[in-house]
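Data block below; observations after.
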Amino acid sequence: MREAGASPEAAAARASQSEGGDRRRHRLIGDVHKAYEESSRLLPGCWIVVRVDGRAFHRFVEVHNFARPHDRAAIGLMEAAAKAVTEEFADIMLAYGQSDEYSFVFHKDTDIYNRRTSKFSTLIASLFTSHFVLKWPSFFDTPLKLAPSFDGRAVCYPSVEMVRDYLAWRQLDCHTNCLFTTCYWTLVDRGGKTGKEADKILNKASKGFKNELLFSEFGINYNDLPPVFKRGTLLLKRREQVELRTKEATPYTPAGTPYSRTLTHVDAFHEDVAQGDFWLKHCSALFSDQTKRIEKLETMPGDEQAASKESPQGGAVCEHGPA
Ligand SMILES: Nc1nc2c(ncn2[C@@H]2O[C@H](COP(=O)(O)OP(=O)(O)OP(=O)(O)O)[C@@H](O)[C@H]2O)c(=O)[nH]1
Ligand SMILES: [Mg+2]
Numbered sequence: 001m002r003e004a005g006a007s008p009e010a011a012a013a014r015a016s017q018s019e020g021g022d023r024r025r026h027r028l029i030g031d032v033h034k035a036y037e038e039s040s041r042l043l044p045g046c047w048i049v050v051r052v053d054g055r056a057f058h059r060f061v062e063v064h065n066f067a068r069p070h071d072r073a074a075i076g077l078m079e080a081a082a083k084a085v086t087e088e089f090a091d092i093m094l095a096y097g098q099s100d101e102y103s104f105v106f107h108k109d110t111d112i113y114n115r116r117t118s119k120f121s122t123l124i125a126s127l128f129t130s131h132f133v134l135k136w137p138s139f140f141d142t143p144l145k146l147a148p149s150f151d152g153r154a155v156c157y158p159s160v161e162m163v164r165d166y167l168a169w170r171q172l173d174c175h176t177n178c179l180f181t182t183c184y185w186t187l188v189d190r191g192g193k194t195g196k197e198a199d200k201i202l203n204k205a206s207k208g209f210k211n212e213l214l215f216s217e218f219g220i221n222y223n224d225l226p227p228v229f230k231r232g233t234l235l236l237k238r239r240e241q242v243e244l245r246t247k248e249a250t251p252y253t254p255a256g257t258p259y260s261r262t263l264t265h266v267d268a269f270h271e272d273v274a275q276g277d278f279w280l281k282h283c284s285a286l287f288s289d290q291t292k293r294i295e296k297l298e299t300m301p302g303d304e305q306a307a308s309k310e311s312p313q314g315g316a317v318c319e320h321g322p323a
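Numbering follows full-length UniProt numbering, in which position 193 of the sequence shown is assigned residue number 193; successive positions increment by one, without gaps.
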């Protein structure tokens, strides 16, 4: 409402001054509160590993009646969720998962989210959880009864060797758990032992003893177990350069070479990660200094907008920029 006697111009100027004042006050309050926010950043030049881990999964697997000790559908669902996360971020080079956890390795030079630690851990954990829920019906006939949740942590490693050691450590964990849980559930389900009795037998038992127990009492050769149970799943990104084609012809750049785009594939392996041959053949190139973080798309003239909307799977474009 206009004040009595004030000209419309003066009233408008006063209103705009007070709006400006409000905005300034708002910004000031924001600055004060932001000063309290923790803003830790992941060290520059280091490989970033984000590991997500299911919260209270021992209960989740019970409620959803997972096969024990390994449920094929659950393993498939975890892999599908991890693949979706890996495809969404161009800077994720590989991922490794077993049981209720997955680790994602980001390129050392990534600058997404200004390397803010909390952005990495929270976004990857929530994205993984969303895909886990979205894809659940593709793997299970029964509906979800509990809300799954995954925590996330981000860790920096200064060298490729440390990343490789990290992966070997998680894989060793997988092996150890696989042997233990296979023995435990075989003793309970086939040996008629209670959980407590099985625990007592296996507590502090050596690897050799567990192998022998499985073989001599139950005819199970641990080595014959599926590799995915013993070694988990390694997801490796592979980029492929393909020529762009239209219905009419292959378009050429002014230099005379065909326009091309990068397709991203994510391949699954169940190999010994730390083994020299496998590492050299499949992983070392991903860690080479020459590997570009984000492949720059060569687009057709006028195609820039379309390309920027494409999923990374179709064009290796990362839509996530610094927040
Ligand atoms: N039966 C069955 N259990 C599984 C499978 N995959 C993972 N688990 C269980 O998931 C749990 C994962 O271990 P943890 O992460 O240490 O346990 P957690 O209950 O999730 O506890 P927090 O991570 O500390 O919240 C173990 O109890 C595993 O036995 C599966 O395929 N089948
Ligand atoms: Mg867990």
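C-beta: ideal position from N, C-alpha, C; glycine also. Given the structure is predicted, the values throughout are model-derived calculations rather than measurements.
Query	Result
Separation of LYS247 from LYS230, as counted between CA atoms	48 Å
Same chain, Cβ closer than 7 Å to MET300, neighbours up to 5 away in sequence not counted	Any reading at MET300 is ruled out, since the residue's pLDDT is 42, under 50, leaving its predicted position unreliable.
PRO226 CB to nearest heavy atom of ligand 1 below 8 Å	no
Three-way DSSP call (helix, strand, coil) for GLN275 in this model	coil
Limits of the unbroken alpha helix (DSSP H) element including GLY152	Note, GLY152: premise wrong, no alpha helix (DSSP H); beta strand (DSSP E) at 150 to 157.
Beta-carbon proximity check, GLY97 vs THR233, cutoff 9 Å	yes
HIS270 Cβ short of 8 Å to ligand 1 heavy atom set	no
Cβ shell of GLU240 (< 6 Å), same chain only, five flanking positions each side left out	LEU263
Under the three-state DSSP convention, the category PHE287 falls into	helix
Three-state secondary structure (DSSP) of HIS26	helix
Backbone secondary structure at GLY208 - three-state DSSP	helix
Through-space distance from HIS265 to PRO158, alpha-carbon basis	27 Å
With 16 other Cβ atoms within 10 Å as the buried cut-off, status of TYR102	buried
Three-way DSSP call (helix, strand, coil) for HIS64 in this model	coil
With 16 other Cβ atoms within 10 Å as the buried cut-off, status of ALA95	buried
Under 9 Å between C-beta atoms of ARG164 and VAL63	no
N- and C-terminal bounds of the beta strand (DSSP E) containing LEU280	Premise fails: LEU280 is in no beta strand (DSSP E) and is neither H nor E.
Pair within 9 Å by beta-carbon distance, ALA84 and LEU127	yes
heavy atom of ligand 2 below 8 Å from ARG115 C-beta	no
Reduced DSSP secondary structure (H/G/I, E/B, other) of GLU243	strand
Bridge-paired residues (DSSP) for GLY54	PHE150
Integer-rounded CB distance, given that HIS175 should sit under 8 Å from PRO227	That belief does not hold up - the Cβ atoms of PRO227 and HIS175 are roughly 11 Å apart, past 8 Å.
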